[in-house]
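For the sequence shown, the numbering used here assigns the number -1 to the initial residue and increments by one for each residue that follows.
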Amino acid sequence: MKRWIPLVAAAGLALAACGPTLSGSAAVVGEQRLTDSELAETTTQLTEQLGIPESAQVSQAVLSRWIVAELVDEMASRKGVAVTKGDVDAAVAQEVERAGGQEALEQGALQAGVLPDAIPEVVRTTLLVEALSKGTITGDDPTGQTGLLTQIQQLSDEISPQVSPRFGTWDPAQLSVGALPDDLSTPAGAEEALVGLPPQQ
């Protein structure tokens, strides 16, 4: 891989969306669930390893990344796009070399909000994004990322990911979990969803 491809970020579901289907879940995408305990464990590990306080923004970032990854996985499944464990292992090895070692890669991942043991899964999603982007390349969109972003937004409209209002809201246009209306923090734009691990020189 030449660069880490976007994985995601920012806002939107009404309080009424938190019905029985969200019981015990922080978010639901189709039949996939991220439980409250899984979210809590991930955010706690991140904040402890980064030495920062737990906050709504950290939980929202974790939720955003998870939801977008699930949407990418669903799109890949529908289009018959897949990557093997060998592909992932090879890509991780390249990133380790590019970063200057395993420890350097893990530190870069942490700064991007990715736990070290989640690196292979993030790389897998990145490879799927790269493969899916090839099918949306046009003269005005040489990388295909703009076209893919639009398709993921449309898939989000169709699937309607649900987020517990305890953590924020999901906005399919912005492709991210953002603050509740009474929170003054501003969610990132959809174009800022193209954030993964920083490219290594």
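Ideal placement from N, C-alpha and C gives every residue a C-beta, glycine not left out.
As the structure is a computational prediction, the values presented were derived from the model and not from experiment.
Under DSSP, GLN30 forms a beta bridge with VAL27. Under the rule that a run must span 3 or more residues, the beta strand (DSSP E) segments found entirely inside the segment 28 to 86 read 30 to 33. Residue pairing of THR167 in beta bridges, as defined by DSSP: GLY176.
Just so you know, the alpha carbons of ASP155 and PRO170 end up roughly 6 angstroms apart. ILE65 and GLY111 have their C-alpha atoms spaced approximately 15 angstroms apart.
Boundaries of the alpha helix (DSSP H) around ILE157: 143 to 157.
Short of 6 angstroms from the beta carbon of THR134, and not among the five residues preceding or following it, lie these beta carbons of its own chain, in chain order: GLY142, GLY145, LEU146.
Excluding the 5 residues flanking it on each side, THR40 has same chain C-beta neighbours closer than 6 angstroms at VAL60, in chain order. The Cβ atoms of ALA25 and VAL127 lie no closer than 8 angstroms to each other.
By the C-beta criterion, the segment 113 to 133 is judged to be in contact with the segment 73 to 88, since at least 3 inter-stretch pairs fall below 8 angstroms. In the DSSP assignment, GLN160 forms a beta bridge with VAL26. Taking C-beta atoms as the reference points, GLU104 and PRO118 fail to come closer than 8 angstroms. Pairing ALA54 with ALA177 gives a Cβ-Cβ distance under 8 angstroms.
Residue range 117 to 131 is occupied by the alpha helix (DSSP H) that includes PRO118.
Going by C-alpha positions, SER57 is about 36 angstroms away from THR136. Bounds of the alpha helix (DSSP H) holding ALA107 are 100 to 109.
Under a 10 Å Cβ-count criterion, GLY99 is classified as exposed, with fewer than 16 other Cβ atoms of the shown protein chains found around its own Cβ.
The shortest CA-to-CA distance from ILE150 to any of LEU130, THR33, GLN92 is the one to LEU130.
The beta carbons of PRO51 and THR42 sit no closer together than 8 angstroms.
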